[in-house]
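Q: The structure that follows is given in the form of structure tokens.
Protein chains: 4
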Amino acid sequence: MDNTKIPRREREKLRQRQEMLSAALELFSEKGYHNVAMGEIAEKAEFAIGTLYKFFRNKEDLYKSLILEQAEKFDRELTLAITEPQDEIEKLRNFVTVKGEVFSENISMIRLYFAETRGASFNIMADLDSQIRKRHEQFLKALASVFEKGIKKGRFQNIADPYYLAIALESITNAFLFLWLEAPEIHPYPKSPDTILNIVVKGLLES
Amino acid sequence: MDNTKIPRREREKLRQRQEMLSAALELFSEKGYHNVAMGEIAEKAEFAIGTLYKFFRNKEDLYKSLILEQAEKFDRELTLAITEPQDEIEKLRNFVTVKGEVFSENISMIRLYFAETRGASFNIMADLDSQIRKRHEQFLKALASVFEKGIKKGRFQNIADPYYLAIALESITNAFLFLWLEAPEIHPYPKSPDTILNIVVKGLLES
Amino acid sequence: MDNTKIPRREREKLRQRQEMLSAALELFSEKGYHNVAMGEIAEKAEFAIGTLYKFFRNKEDLYKSLILEQAEKFDRELTLAITEPQDEIEKLRNFVTVKGEVFSENISMIRLYFAETRGASFNIMADLDSQIRKRHEQFLKALASVFEKGIKKGRFQNIADPYYLAIALESITNAFLFLWLEAPEIHPYPKSPDTILNIVVKGLLES
Amino acid sequence: MDNTKIPRREREKLRQRQEMLSAALELFSEKGYHNVAMGEIAEKAEFAIGTLYKFFRNKEDLYKSLILEQAEKFDRELTLAITEPQDEIEKLRNFVTVKGEVFSENISMIRLYFAETRGASFNIMADLDSQIRKRHEQFLKALASVFEKGIKKGRFQNIADPYYLAIALESITNAFLFLWLEAPEIHPYPKSPDTILNIVVKGLLES
DNA sequence: GATGAATGAGTTTTCATTCAT
DNA sequence: GATGAATGAAAACTCATTCAT
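Protein chains in written order, with our numbering: chain A, 187 to 393; chain B, 187 to 393; chain C, 187 to 393; chain D, 187 to 393.
Dropping the structure here:
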């Protein structure tokens, strides 16, 4: 029937696109944007170079698509992680746990993601930077409001601006994840989220 | 005499080298490694391009020298900061303060430094990465031993592995410094080091 | 019946071909051969690119067909213009008038036509050039014979080789038409053909 | 000595530039702008392709330089031709003669020149077009004023607007030169300028 | 018979590096 | 010892043409 034939084409297109992005991810995360040639990506994805350009206007467009789609996915998952549980402390625990999972499932993407969010990219593609930051900013505010509510409810002490607490938790989890990334055996990502939370939140809880 | 003439030459050479590195730093930190041409650096430093190659084997060598020398300088200053004061808490306070000073005095270098230490460089120059990390590792161990001694002396609670506490403090100071870098008016780097220390160390102190 | 069905198909084909050529003409005359992509032509003509290739072997073939068919049409009209009137002077007058009409009705074609007849095409397609020239040569000879007869009849003075007179008249009408093409208000194509004829033929008539 | 060494470099540069332009002219006039690759020009001029780009910002710049410099030269020579003689008729004779000389000495350049001045280039490089036209317009006005003075002095009849007479003479000389270009033996460029002048000017002189 | 997705050769341009002066 | 002109490899991107559906 006709109504199945059109989605078929769509699906096929999407699959090809994914294959291209996947090849690009692997290469970019390994060698960096400037050290990957479009021809390499095409070859790895097993398409002709012209086909690549049918899907992405240019190298920058391919790169941005890759980063943006993944960054969006990550922020979505993390936002969900601090949305689902009721209790504030549980939200934080869930954040630490889910972040660990997301991280370990997407290691090569993570490299690119941090390269982008951490100023490393020299703003060569300033608008990409700003798009990602805007999105991530929303997540950080959501995380901040978890601290805020926890403080209001008296679950946390009022130690610092909730936004700064969010930043602190974020940066510490990142730091531990990088540690783990570099030497998984020596520095395993903590099984229990409390190992990390203790460092940031201990002061908020006890006293 | 001859024994004064040679040091003179040496000194002159060193000054030239510094001028080259200085021009390179400005350009790299503004545009990124791949978007700076050797010719640009030569022009900015007011040397011929051939002269640049007398001092550095190639572009990579120039880049590495730049990063390494600065990273070394930073680690030296930070190590000093946690060496001088006697008291462990004072050491941490001094670390936070000095890091803020070093950071704000070397903003363009900082961009490059973090690009390197935060995986952003995609291991393009893997050996550079490892040299910097080795050096920085030493500093982190020194910082960790501050926590360790503090714990032993009973000044801090035994909340977590001292090394992880060092990592935590490092990553949080970095996070706040980046925040400040991006929007100095909205997020000023805390005047008092305790604002930051409270977040990480509160749990260690009080309870 | 079948004998009507086949011509129907033929006619349909011809109509499609015309639509393709028409789209191509518009694009080529606006942007030049090398700056028009086959895909553009297909899109403008509302056919698939593959269909284009059913009608024309390749881009060059399409271009040549376009030029040749139009050039043929023009020469036919001009030949008619110097055939119909009896009197030699009337023939010339009619030539100037009809040429002005043909020109203004086919401005975009004219651009291409002259690009071809005036050496502009750099012999990229040398054989096209020669075909057009051969055809146009015939017209010029016809025009020359008008002068010849006029001279024999004593209507014109024997000022120069009739063929050269034809060339002269041709080039002057072209020059005025280009003038008009570039700035129609400042240099309107003369209402009366005698304005042009006077310049070329005055010497032949009076004296 | 030093004061000779610097001009030496300059001279060398200029010679190289001329060699590049000369190779480019040959190729462009033979194959057309779009069918010549920068690599071809470099090879023909016996330079590396990078050296070409030291002298010309890009392909368009090279092309424009070539056209503009030559067009300027031509107009200069033609302007001189109608400036030197006192008598108006002598001026016209000199124009026809010099134009024939210039033409035959620069045949391959002529192809490009006319491709540009005769709308054939589709205004791909509209500003080049306008620069050349502006310059050539000046020459045409100078030629027109020769007719104007001749008419005022009563040497020519007042047959048509002097500017149009200039256009007519221009286009006829071009036509004859193209004729000669295509078949030098059959259509030699007239030894005596009067052969051409008779056609255009006869009406102005006699009557 | 029509379609348009896929192809990849070919083009322009940049820039690290060398080496004759 | 310094210079900077010359080099050419390498990269992004386009588009005429083919052919499976």
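Where is the CB? At the ideal position from N, CA and C, for every residue including glycine.
1. Starting from S290 (chain C), follow the alpha helix (DSSP H) in both directions and report where the run begins and ends.
2. Drop a sphere of 10 angstroms on the beta-carbon of N360 (chain B), count the other beta-carbons inside from all chains shown, and report buried for 16 or more, exposed for fewer.
3. Counting only beta-carbon separations shorter than 9 Å, does F308 (chain C) have a partner in chain D?
4. Under 9 Å between C-beta atoms, does G305 (chain A) make it to chain B?
5. Please confirm if the stretch 216 to 230 of chain C is in contact with the stretch 250 to 268 of chain C, defined as three or more CB-CB distances below 8 Å between the two stretches.
6. Is L200 (chain A) close to chain B, meaning its C-beta is less than 9 Å from at least one C-beta of that chain?
7. Helix, strand or coil: which one does DSSP assign to D347 (chain C)?
8. Counting only runs that start and end within the stretch 348 to 375 of chain D, where is the beta strand (DSSP E) found for 3 or more residues in a row?
9. Just checking: is the beta-carbon of F362 (chain C) within a distance shorter than 9 Å of some beta-carbon in chain D?
10. Between L264 (chain B) and F364 (chain B), is the Cβ-Cβ spacing less than 9 Å?
11. Could you pull out every residue in the same chain whose Cβ sits closer than 6 Å to the Cβ of A231 (chain A), ignoring the five residues on either side in sequence?
12. Mind listing the chain B neighbours of S357 (chain A)? Cutoff is C-beta to C-beta under 8 Å, in chain order.
13. Taking 8 Å as the threshold, find out whether the stretch 266 to 286 of chain D comes into contact with the stretch 227 to 243 of chain D through three or more Cβ pairs.
14. Tell me the rounded alpha-carbon separation between E323 (chain C) and F241 (chain C).
15. On a Cα-Cα basis, can you pick out the residue from D:Q343, D:V386, D:Y239 that is closest to L351 (chain C)?
16. From D:R194, D:I275, D:E212, pick the residue whose C-alpha is nearest to that of D380 (chain D); which is it?
17. Per DSSP, what kind of secondary structure is N384 (chain B) in: helix, strand or coil?
18. Select from the stretch 334 to 346 of chain D all residues with a C-beta closer than 9 Å to any C-beta belonging to chain C, and list them in chain order.
19. Quick check: what's the CA-CA separation for V288 (chain D) versus N384 (chain C)?
20. Quick one: list the residues of chain B neighbouring H220 (chain A), beta-carbon separation under 7 Å, in chain order.
21. Give me, in chain order, the residues of the same chain whose beta-carbon lies closer than 7 Å to that of I296 (chain A); leave out the 5 immediate sequence neighbours on both sides.
22. Under 8 Å Cβ to Cβ from S331 (chain B), same chain only, skipping five residues before and after it: list those, please.
23. Check the Cβ-Cβ distances between Y417 (chain D) and every residue of chain C, and say whether any is below 9 Å.
24. Using a Cβ-Cβ cutoff of less than 8 Å, which residues in the same chain neighbour R279 (chain C) once the five nearest sequence positions on both sides are dropped?
25. So with CB distances below 7 Å, who are the chain C contacts of T283 (chain D)?
26. By the criterion of Cβ-Cβ separation under 8 Å, what are the contact partners of A328 (chain D) in chain C?
27. Please list the terminal residues of the continuous alpha helix (DSSP H) segment that includes A257 (chain D).
28. Do the CB positions of M224 (chain B) and L211 (chain B) come within less than 9 Å of each other?
29. When we look at the beta-carbon of L200 (chain C) and count the other beta-carbons within 10 Å, is it buried (16 or more) or exposed?
30. From which residue to which residue does the alpha helix (DSSP H) around Y239 (chain B) run?
31. With 9 Å set as the bound, which would you pick, yes or no: does the beta-carbon of L278 (chain D) sit closer than that to a beta-carbon of chain C?
32. Quick one: what's got a C-beta closer than 6 Å to G286 (chain C)'s C-beta in the same chain, skipping five residues either side?
33. Closer than 9 Å, CB to CB, is V288 (chain B) near chain A or not?
34. Please list, in chain order, all residues of the same chain as V282 (chain A) whose beta carbon is under 7 Å from its beta carbon, the five residues on each side excluded.
A: According to the data block:
1. 274 to 291
2. buried
3. Confidence in F308 (chain C) is poor, its pLDDT being 46 and thus under 50, which makes the residue's placement too unreliable to answer from.
4. Confidence at G305 (chain A) is low in this model, with a pLDDT of 40, below 50, so its placement is unreliable and the value that follows should be read with caution. Yes, G305 (chain A) counts as interfacial toward chain B.
5. no
6. no
7. coil
8. none
9. yes
10. no
11. E205, M206, A209
12. S357, I358, N360, A361
13. no
14. 29 Å
15. D:V386
16. D:I275
17. helix
18. Q343, I345, A346
19. 29 Å
20. H220
21. F289
22. P348
23. In the structure displayed, chain D extends from 187 to 393; residue 417 (chain D) sits before or after that span and is not available.
24. P271, P379, D380, L383
25. Simply none; closest approach about 17 Å.
26. Neighbours of A328 (chain D) on chain C: none; closest Cβ ~17 Å, over 8 Å.
27. 245 to 267
28. no
29. exposed
30. 235 to 241
31. no
32. Y375
33. no
34. T359, P379, I382, L383
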